[in-house]
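A.B. asks:
Protein chains: 2
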Amino acid sequence: MYRTHTCGELRLSDKGKKVCLAGWVQKSRKLGGMTFIDLRDRYGITQLVVRADAAPELASVAEKLGREFVIQARGEVLERESKNPKLPTGDIEIQLESINILNRSVTPPFTIEENSDGGEEIRARYRYLDLRRPPLQRALALRHRLAQEVRNYLDAQGFMEIETPYLIKSTPEGARDFVVPSRMNPGQFYALPQSPQTFKQLLMVAGYDRYFQIVRCFRDEDLRADRQPEFTQIDCEMSFVEQEDVLNTFEGMMRQMFHNALGVDIANPIPRMDWYTAMDRYGSDKPDIRFGMEIHDITSLVKGCGFSVFDSSEYIGAIAVEGCGEYTRKQLDELTDWVKRPQVGAKGLVYIKIAHDGSIKSSVDKFYTAEQLQELVKTCEAKAGDLVLVLCGAKRKTQTQLGVLRIEMGNRLGLRDPKVFAPLWIVDFPLLEWSEEDQRFYAMHHPFTAPKPEHEALFYSDRKEDLEKVCANAYDFVLNGTELGGGSIRIHDAAMQSRMFDVLGISKEDAEYKFGFIINAFKFGAPPHGGLAFGFDRVCALFGGQETIRDYIAFPKNNQGRDVMIDSPSLIDQVQMDELCLKSTAGDKK
Amino acid sequence: MYRTHTCGELRLSDKGKKVCLAGWVQKSRKLGGMTFIDLRDRYGITQLVVRADAAPELASVAEKLGREFVIQARGEVLERESKNPKLPTGDIEIQLESINILNRSVTPPFTIEENSDGGEEIRARYRYLDLRRPPLQRALALRHRLAQEVRNYLDAQGFMEIETPYLIKSTPEGARDFVVPSRMNPGQFYALPQSPQTFKQLLMVAGYDRYFQIVRCFRDEDLRADRQPEFTQIDCEMSFVEQEDVLNTFEGMMRQMFHNALGVDIANPIPRMDWYTAMDRYGSDKPDIRFGMEIHDITSLVKGCGFSVFDSSEYIGAIAVEGCGEYTRKQLDELTDWVKRPQVGAKGLVYIKIAHDGSIKSSVDKFYTAEQLQELVKTCEAKAGDLVLVLCGAKRKTQTQLGVLRIEMGNRLGLRDPKVFAPLWIVDFPLLEWSEEDQRFYAMHHPFTAPKPEHEALFYSDRKEDLEKVCANAYDFVLNGTELGGGSIRIHDAAMQSRMFDVLGISKEDAEYKFGFIINAFKFGAPPHGGLAFGFDRVCALFGGQETIRDYIAFPKNNQGRDVMIDSPSLIDQVQMDELCLKSTAGDKK
Numbered sequence: 046m047y048r049t050h051t052c053g054e055l056r057l058s059d060k061g062k063k064v065c066l067a068g069w070v071q072k073s074r075k076l077g078g079m080t081f082i083d084l085r086d087r088y089g090i091t092q093l094v095v096r097a098d099a100a101p102e103l104a105s106v107a108e109k110l111g112r113e114f115v116i117q118a119r120g121e122v123l124e125r126e127s128k129n130p131k132l133p134t135g136d137i138e139i140q141l142e143s144i145n146i147l148n149r150s151v152t153p154p155f156t157i158e159e160n161s162d163g164g165e166e167i168r169a170r171y172r173y174l175d176l177r178r179p180p181l182q183r184a185l186a187l188r189h190r191l192a193q194e195v196r197n198y199l200d201a202q203g204f205m206e207i208e209t210p211y212l213i214k215s216t217p218e219g220a221r222d223f224v225v226p227s228r229m230n231p232g233q234f235y236a237l238p239q240s241p242q243t244f245k246q247l248l249m250v251a252g253y254d255r256y257f258q259i260v261r262c263f264r265d266e267d268l269r270a271d272r273q274p275e276f277t278q279i280d281c282e283m284s285f286v287e288q289e290d291v292l293n294t295f296e297g298m299m300r301q302m303f304h305n306a307l308g309v310d311i312a313n314p315i316p317r318m319d320w321y322t323a324m325d326r327y328g329s330d331k332p333d334i335r336f337g338m339e340i341h342d343i344t345s346l347v348k349g350c351g352f353s354v355f356d357s358s359e360y361i362g363a364i365a366v367e368g369c370g371e372y373t374r375k376q377l378d379e380l381t382d383w384v385k386r387p388q389v390g391a392k393g394l395v396y397i398k399i400a401h402d403g404s405i406k407s408s409v410d411k412f413y414t415a416e417q418l419q420e421l422v423k424t425c426e427a428k429a430g431d432l433v434l435v436l437c438g439a440k441r442k443t444q445t446q447l448g449v450l451r452i453e454m455g456n457r458l459g460l461r462d463p464k465v466f467a468p469l470w471i472v473d474f475p476l477l478e479w480s481e482e483d484q485r486f487y488a489m490h491h492p493f494t495a496p497k498p499e500h501e502a503l504f505y506s507d508r509k510e511d512l513e514k515v516c517a518n519a520y521d522f523v524l525n526g527t528e529l530g531g532g533s534i535r536i537h538d539a540a541m542q543s544r545m546f547d548v549l550g551i552s553k554e555d556a557e558y559k560f561g562f563i564i565n566a567f568k569f570g571a572p573p574h575g576g577l578a579f580g581f582d583r584v585c586a587l588f589g590g591q592e593t594i595r596d597y598i599a600f601p602k603n604n605q606g607r608d609v610m611i612d613s614p615s616l617i618d619q620v621q622m623d624e625l626c627l628k629s630t631a632g633d634k635k
Numbered sequence: 046m047y048r049t050h051t052c053g054e055l056r057l058s059d060k061g062k063k064v065c066l067a068g069w070v071q072k073s074r075k076l077g078g079m080t081f082i083d084l085r086d087r088y089g090i091t092q093l094v095v096r097a098d099a100a101p102e103l104a105s106v107a108e109k110l111g112r113e114f115v116i117q118a119r120g121e122v123l124e125r126e127s128k129n130p131k132l133p134t135g136d137i138e139i140q141l142e143s144i145n146i147l148n149r150s151v152t153p154p155f156t157i158e159e160n161s162d163g164g165e166e167i168r169a170r171y172r173y174l175d176l177r178r179p180p181l182q183r184a185l186a187l188r189h190r191l192a193q194e195v196r197n198y199l200d201a202q203g204f205m206e207i208e209t210p211y212l213i214k215s216t217p218e219g220a221r222d223f224v225v226p227s228r229m230n231p232g233q234f235y236a237l238p239q240s241p242q243t244f245k246q247l248l249m250v251a252g253y254d255r256y257f258q259i260v261r262c263f264r265d266e267d268l269r270a271d272r273q274p275e276f277t278q279i280d281c282e283m284s285f286v287e288q289e290d291v292l293n294t295f296e297g298m299m300r301q302m303f304h305n306a307l308g309v310d311i312a313n314p315i316p317r318m319d320w321y322t323a324m325d326r327y328g329s330d331k332p333d334i335r336f337g338m339e340i341h342d343i344t345s346l347v348k349g350c351g352f353s354v355f356d357s358s359e360y361i362g363a364i365a366v367e368g369c370g371e372y373t374r375k376q377l378d379e380l381t382d383w384v385k386r387p388q389v390g391a392k393g394l395v396y397i398k399i400a401h402d403g404s405i406k407s408s409v410d411k412f413y414t415a416e417q418l419q420e421l422v423k424t425c426e427a428k429a430g431d432l433v434l435v436l437c438g439a440k441r442k443t444q445t446q447l448g449v450l451r452i453e454m455g456n457r458l459g460l461r462d463p464k465v466f467a468p469l470w471i472v473d474f475p476l477l478e479w480s481e482e483d484q485r486f487y488a489m490h491h492p493f494t495a496p497k498p499e500h501e502a503l504f505y506s507d508r509k510e511d512l513e514k515v516c517a518n519a520y521d522f523v524l525n526g527t528e529l530g531g532g533s534i535r536i537h538d539a540a541m542q543s544r545m546f547d548v549l550g551i552s553k554e555d556a557e558y559k560f561g562f563i564i565n566a567f568k569f570g571a572p573p574h575g576g577l578a579f580g581f582d583r584v585c586a587l588f589g590g591q592e593t594i595r596d597y598i599a600f601p602k603n604n605q606g607r608d609v610m611i612d613s614p615s616l617i618d619q620v621q622m623d624e625l626c627l628k629s630t631a632g633d634k635k
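Listed in order, the protein sequences are those of chains A and B. Just add 45 to wherever you are in the first sequence, counting from 1, and you've got the working numbering. Just add 45 to wherever you are in the second sequence, counting from 1, and you've got the working numbering.
(1) Go to A/K75, then tell me how far its beta strand (DSSP E) extends in each direction, as first and last residue.
(2) By Cβ distance below 7 Å, which residues in the same chain neighbour B/D431 in space, the five residues on each side in sequence not counted?
(3) Compare the C-beta of A/A186 against all C-beta atoms of chain B and say whether one is closer than 8 Å.
(4) Taking the beta strand (DSSP E) that B/P468 falls in, what are its first and last residues?
(5) Compare the C-beta of A/N145 against all C-beta atoms of chain B and say whether one is closer than 8 Å.
(6) Can you have a look at A/T593 and say buried or exposed, based on whether 16 or more other CB atoms are within 10 angstroms of its CB?
(7) Under three-state DSSP, which class holds A/G203?
(8) Is the distance from the Cβ of B/L66 to the Cβ of B/T91 below 8 Å?
(9) Just curious, the beta strand (DSSP E) that B/L237 is in, first and last residue?
(10) Any Cβ of chain A within less than 8 Å of the Cβ of B/I207?
(11) Along chain B, which residues have their Cβ under 8 Å away from the Cβ of A/R177?
(12) Taking Cβ positions, are A/L237 and B/G232 nearer each other than 8 Å?
(13) Please work out which residues of its chain come closer than 7 Å, Cβ to Cβ, to B/T344, disregarding the five sequence neighbours upstream and downstream, and give them in chain order.
(14) Does A/W470 have its Cβ less than 8 Å from a Cβ in chain B?
(15) On the CB-based measure, 16 or more other CB atoms within 10 Å of its CB, does A/Q444 come out buried or exposed?
(16) Rounded to the nearest angstrom, what separates A/I564 and B/R48 at their Cα positions?
(17) Should the region 255-271 of chain B be regarded as contacting the region 51-63 of chain B, the criterion being three or more beta carbon pairs within less than 8 Å?
(18) Where are the beta strand (DSSP E) runs, 3 residues long or more, that stay fully inside the region 478-565 of chain A, in chain order?
(19) Within 8 Å (strictly less), CB to CB, does A/L45 reach chain B?
(20) Once you ignore the five residues that flank B/L421 on each side, which residues in its own chain have a CB closer than 6 Å to its CB?
(21) Excluding the 5 residues preceding and the 5 following A/S636 in the sequence, name in chain order all residues of the same chain whose CB lies nearer than 8 Å to its CB.
(22) Check whether chain A comes within 8 Å of B/Q233, counting only Cβ atoms and requiring the distance to be less than that.
(23) Classify A/H401: buried if its beta carbon has 16 or more other beta carbons within 10 angstroms, exposed otherwise.
(24) Could you tell me which chain B residues have their CB closer than 8 Å to the CB of A/N456, listed as they occur along the chain?
(25) If you scan the region 138-194 of chain B from start to end, which runs of the alpha helix (DSSP H) of 4 or more residues do you find wholly inside it?
What follows is the structure, given as structure tokens:
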């Protein structure tokens, strides 16, 4: 070992010890003939001192140390005169007897500190230097800790981690697969898994009872902000369980992760909300319940009073924004523009300002009596000093817009503290979604999701209205307005599966072609089973109090799917192309 | 939950309890009006009984149960009259009150028992059924346990598991990469990692100090027996360490894995052997030290005595095979044929039989006196009743052949008990290997492996003989004749790295092109570091007492790289090919 201690380890109780540290020079400064060096490693920072009366060789080495030099330093632990209460090692310093330069460093292209002066692009190019910064070290340490907690919890619960293959088969449904040409089987391709869904269900058929895996998944999608072509899932499946068992098991996991990794005790039990309530009250299937500002249906109050915009709307809804009753015309105009942006898509915004004296002023004064407006304000649970914002249109669409507006106002008012954790289960999703365009039902989750047992009769009904009412045994885990995971109880009964294909308009031949392999496996005694998967990158980010996942992935890709550090993807040579029996048409004229 | 207990859980102390079990029908038989059902799940087997006087509905359901039906069964725990001491649940049975058929099964294509009647191919096709068999369930349970032990040990030692990317860059050296066409970057490809070597070294540059990962790796090689195109590594790297630190750390890991997973305490410390000794005494860089039968150099004893085959050989070596002194002519002919097979490649075999009365008979009697043969026998440490086998030729080649012969004789004599574990570190590998063909040196491990500190002077010598003597700071972990892992201390000094490229005849431009990316990172203060990787599939197999890895992988591929269960790889559709700007030339005439 090049060291006796790490740079985060020594305390006043070590005073007088002869020690040897190794690490990176964070900074070095001369002060009254002495040289002070901050030595850094993953564990912390320790101050090294070269005294004014030190041996000339030592002094001259100390003077020449540059930022990020790697050194090994020997000396004695002394009590510091001016202590630094911000550092765990701040009570001591090492009076040096020798310095051994293990490696030099050219000047790094940006500062390696809590907040760097480097732009995003240069930091991505030199990711290995950015990764030296404390926020990223903390992020990856948290990720490691969370992975350990997941494994220890699930292991204790009798789950087995079973590795499923990465070179699998391209499937004709779902998102686009990444594919891998097979040299040994010319013209044929493997696909990288979008999730181990099929394999985990097969493991249930194989009797493994409780499976999990922290596993990489791949999706060749056009990348939206904060999506990665490869991402990590906590993937789980259980046999002989009902929805309640799955929810309890993973509620326990989340509780332990919060407790052990963050020292936070989350709500017990975690609240549950059915999908319809979430949509009606929060305009979202992943509501942020850290704050109220719920959506109120005011359709019956304001429709049919002569205001044609409302009169022609299926639905009119409102939120009461606390303490914004004094918004200026300019602020309201800006907000109107904001909701009209294509990302939100509202046609306009109606407001009702309630002054501190209780007087009401609105953009629709002329259509409604004071009493009507008072009634509206009361329905929205608004009080003096608040601002009521109203949107209208088709029901679910308008609720969704109100949900987005609600989150925006929550952000503006600082109601979304990343250190507050408000988990929530969303349950009772609709099983089916009617597509007006295709005039058919689609599975909201996937075609293997089971209807709720109490809705089975509806599921076998021939009426569209009945089928629309069928709820699934499906659930999402939501934290602070972000969906962290979800799953379902699967269909294990052949007759029910066949009914599902009928409802989805999938012919027997088509089902066989698309899902034949798993349907066949299910003939050999499939147990009742269900499971879920969590997006691990996002779990880490949210636990860390961040919204973006990039800092929680050691080597992420950019929005073009490129790793700019290693400059990948890249061209491969002709020999390799020939071996794979492939020709690129990238340069060809279309 | 569909059950109150698992099928492996109930004991005599549970007598009188009302329980509910769920699982698969292993078998069902009628006996004197009663029906006995063996119900199986991952946890064990429990006997269910339907009494002769049971309700007719229950009796009729029980009679109709087929193999692998999935049922839920309620009843009372009774003490068994005829106990089964082979089963942990063998003292009890459940007297049934109800059976609920959860799912039926068509007849499985082979028996799902400890030893199946199904051939390899059909079991691979129905892998999910083969996975129900106890040996495979034990194999995957062991794998899970070992992975947990690795993580718990390394976590406790301050290692962080950090996930490295799977979509990386194709490298121009080493084995063949699997590649992944990029749709967003037409004509360009990612590569799947053969190992995270570069990334783990970058993590050391980034200051992560102690990294590990249980990670999938990919190699597009023509598959030898028992190789998989995707395999799993325990990949580790440490900073500020010397070889001794790495060996001690992972010796501790192996010790804990053996102790906690198998209840076996392996040698402490694990013996170490330098590469030269291993080659000289065992004819292998991965010797099986569970048995002796060491190789003896008898060159000086037998060369130059008129036997032209020996006289023209660089080296003559021998092993003494215990208790085989009475081998017949036929047995010796068969053994001679065996060493002459191309897989061994010897030109012939000389034998010396020592009868129980001590008399000696050999195939070279006419060239040597009785005293000379006695001397030879003594050198080989053979005794009455033993057989000495002699091979000759070029030194290392002959030693290797003797090594293969030694393992074969060990197998024939039953000296290789899979329940005995003899770990070993091989150290002091030569750094460089001279290629007569290319008239240049190659790195024995890889070009980033550091020479031993005490051999640095030799490393900077210009004489080929000196360079051949340089030993590397490289090490392999060997268990029972199988290499389970290996690694090295890496070069972290730019001047030494540059010297290495010189020695290997790699020009500055070439080095920049091939390794530029990591060389550049090393300019920013790379710490001294080193690490190793274990082949996890093989670790699991050997811990399980098996030589083949296939049973320790949930969904393995066959020797053609195919997954016959999902029938992959497969053709993809034209749309996907077009999106990737690819054309297959597989059907084209050459």
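All C-beta atoms, glycine included, are put in the ideal place defined by N, C-alpha and C.
C.D. replies: With the structure as the only source:
(1) Taking the first sequence and counting its residues from 1, one reaches residue 75 of chain A at position 30. Under the DSSP assignment, A/K75 falls in the beta strand (DSSP E) whose first and last residues are K63 to L76.
(2) The sequence position of residue 431 of chain B within the second sequence is 386, counting from 1. Excluding positions up to five away in sequence, the list reads A365, V366, E367, G368, C369, G370 and I399.
(3) Within the first sequence, numbered from 1, the residue matching residue 186 of chain A stands at position 141. Interface criterion met: the Cβ of A/A186 is under 8 Å from a Cβ in chain B.
(4) One-based indexing of the second sequence puts residue 468 of chain B at position 423. Looking at the DSSP string, the run of the beta strand (DSSP E) that includes B/P468 is P468 to V472.
(5) Counting from 1 along the first sequence, the entry for residue 145 of chain A is found at position 100. Contact of A/N145 with chain B is not assigned, every C-beta pair being separated by 8 Å or more.
(6) Position 548 of the first sequence, counted from the start, is the residue given in the question as residue 593 of chain A. A/T593 counts as exposed, since fewer than 16 other beta carbons sit within 10 angstroms of its beta carbon.
(7) Taking the first residue of the first sequence as 1, we reach residue 203 of chain A at position 158. A/G203 falls in the coil class under three-state DSSP.
(8) Along the second sequence, one-based indexing puts residue 66 of chain B at 21. Along the second sequence, one-based indexing puts residue 91 of chain B at 46. In this structure, B/T91 lies closer than 8 Å to B/L66 by Cβ.
(9) Taking the second sequence and counting its residues from 1, the one referred to as residue 237 of chain B is at position 192. Neither: B/L237 is in no beta strand (DSSP E) and is coded neither H nor E.
(10) Here the question's residue 207 of chain B lines up with position 162 in the second sequence. Chain A, which has a Cβ nearer than 8 Å to the Cβ of B/I207, makes this yes.
(11) Here residue 177 of chain A refers to the residue found at position 132 of the first sequence. Near A/R177 (Cβ distances below 8 Å), the residues of chain B are A251 and G252.
(12) Taking the first sequence and counting its residues from 1, one reaches residue 237 of chain A at position 192. Taking the second sequence and counting its residues from 1, one reaches residue 232 of chain B at position 187. When the beta-carbon positions are compared, A/L237 and B/G232 stay at least 8 Å from each other.
(13) Position 299 of the second sequence, counted from the start, is the residue given in the question as residue 344 of chain B. The beta carbon of B/T344 sits closer than 7 Å to the beta carbons of Y360 and I361 from its chain, once the five residues preceding and following it are set aside; these are given in chain order.
(14) Your numbering for residue 470 of chain A matches position 425 in the first sequence. With respect to chain B, the C-beta atom of A/W470 has no partner C-beta closer than 8 Å.
(15) Mapped onto the first sequence, residue 444 of chain A falls at position 399. Buried: at least 16 other Cβ atoms inside 10 Å.
(16) By 1-based counting over the first sequence, the position of residue 564 of chain A is 519. By 1-based counting over the second sequence, the position of residue 48 of chain B is 3. Cα atoms of A/I564 and B/R48: separation of roughly 25 Å, rounded to the nearest angstrom.
(17) Output reads no: the region 51-63 of chain B does not touch the region 255-271 of chain B.
(18) The DSSP assignment places 485-488, 519-524 and 527-534 as complete runs of the beta strand (DSSP E) inside the region 478-565 of chain A, in order along the chain (cut-off: 3 residues).
(19) With chain A covering 46 to 635 only, the question about residue 45 of chain A has no answer from this structure.
(20) For this step, residue 421 of chain B is matched to residue 376 along the second sequence. Once the five neighbours on either side are set aside, the close Cβ partners of B/L421 are I343 and L346.
(21) In this structure chain A extends from 46 to 635, so residue 636 of chain A is not present and cannot be described.
(22) The count along the second sequence starts at 1 and reaches residue 233 of chain B at position 188. Closer than 8 Å: yes.
(23) In the first sequence, counting from the first residue as 1, residue 401 of chain A sits at position 356. By the 10 Å Cβ count, A/H401 comes out exposed.
(24) Translated into positions along the first sequence, residue 456 of chain A becomes position 411. Near A/N456 there are no residues of chain B at all, since even the closest Cβ is about 31 Å away, more than 8 Å.
(25) Along the region 138-194 of chain B, the alpha helix (DSSP H) occurs as fully enclosed runs of 4 or more residues at 165-170 and 172-175, listed in sequence order.
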